[in-house]
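Student: Under the working numbering, think of the first position of the sequence shown as 572, with each following residue one higher.
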Amino acid sequence: MKHSTFPQRSRRLLLQAAAALPVLALARPALSSLPKSFAAETLEDALSELTSGQSIQDHPDIELDVPDIAEDSGKVPIQVYAPLPGAEKISILIEANPVPLISISHIQGQTEPYISLRVKMRETSRVIALVHTPDGIFQAAREVTVTAGGCG
Numbered sequence: 572m573k574h575s576t577f578p579q580r581s582r583r584l585l586l587q588a589a590a591a592l593p594v595l596a597l598a599r600p601a602l603s604s605l606p607k608s609f610a611a612e613t614l615e616d617a618l619s620e621l622t623s624g625q626s627i628q629d630h631p632d633i634e635l636d637v638p639d640i641a642e643d644s645g646k647v648p649i650q651v652y653a654p655l656p657g658a659e660k661i662s663i664l665i666e667a668n669p670v671p672l673i674s675i676s677h678i679q680g681q682t683e684p685y686i687s688l689r690v691k692m693r694e695t696s697r698v699i700a701l702v703h704t705p706d707g708i709f710q711a712a713r714e715v716t717v718t719a720g721g722c723g
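1) At what residues does the beta strand (DSSP E) containing Asp706 begin and finish?
2) Just the Cα atoms here: how many angstroms apart are Ile675 and Ala712?
3) Go ahead and pull the three-state DSSP assignment for Leu655.
4) Among Gly680, Ile686, Gly707, which one has its Cα closest to the Cα of Pro648?
5) Rounded to the nearest angstrom, what separates Glu642 and Gln679 at their Cα positions?
6) Excluding the 5 residues preceding and the 5 following Leu655 in the sequence, name in chain order all residues of the same chain whose CB lies nearer than 6 angstroms to its CB.
7) Decide if Thr718 is buried, meaning its Cβ has at least 16 other Cβ atoms within 10 Å, or exposed.
8) Assign Asp639 to one of three DSSP states: helix, strand, or coil.
9) Can you list, in chain order, the residues of its chain whose CB lies under 6 angstroms from that of Val715, leaving out five sequence neighbours each side?
10) Here's a check: name, in chain order, each residue in its chain whose Cβ is nearer than 8 angstroms to the Cβ of Thr695, leaving out the five neighbours to either side.
11) Are there 16 or more other CB atoms within 10 angstroms of the CB of Ala653, so buried, or fewer, so exposed?
12) How many Å lie between Thr622 and Leu672 at the Cα?
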């Protein structure tokens, strides 16, 4: 009598899925506590959620370093230095991405208000850095030309 068993690959996938369940259970509360601004599908909606109607002002001291032309749209470097008094958080938005809000970084205590990351961009677009301070919300923005599509 032939004994039926899972093929080796199916057994491995089943074990991996079973091992992932506790991790997913722990991650679910964290995902549900994300700010609503990450669910926004337009730049206007994301800005509205992030600013709660507060006005945004340009600030010459915010250094937004992005390439003028992104050869690899899957790894576009972004650096923001915001030496503003009381900087509390820095938010990065990309206007043409399917989800415009890319990142929110909280600045704690005496931490230098600097962030560096690589992002995926859908198409040529403005990259916006918002800096939240007790005195208001300030921004710097630059256009990045994308030579090949990134986000789907």
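Note that beta-carbon positions come from the ideal geometry of N, C-alpha and C, so glycine has one too. Just so it is clear, the structure is predicted and the values come from calculations on it, not from any experiment.
Tutor: Let's see:
1) Element bounds for Asp706: n/a, residue is neither H nor E.
2) 16 angstroms
3) coil
4) Ile686
5) 34 angstroms
6) Val702, Thr704
7) exposed
8) Coil.
9) For Val715, where only same-chain residues beyond five positions count, the Cβ hits under 6 angstroms are Val637, Ala641, Val698.
10) Once the five neighbours on either side are set aside, the close Cβ partners of Thr695 are Ala667, Glu714, Val715, Thr716, Val717.
11) buried
12) Distance between Thr622 and Leu672, taken at the CA atoms: about 13 angstroms.
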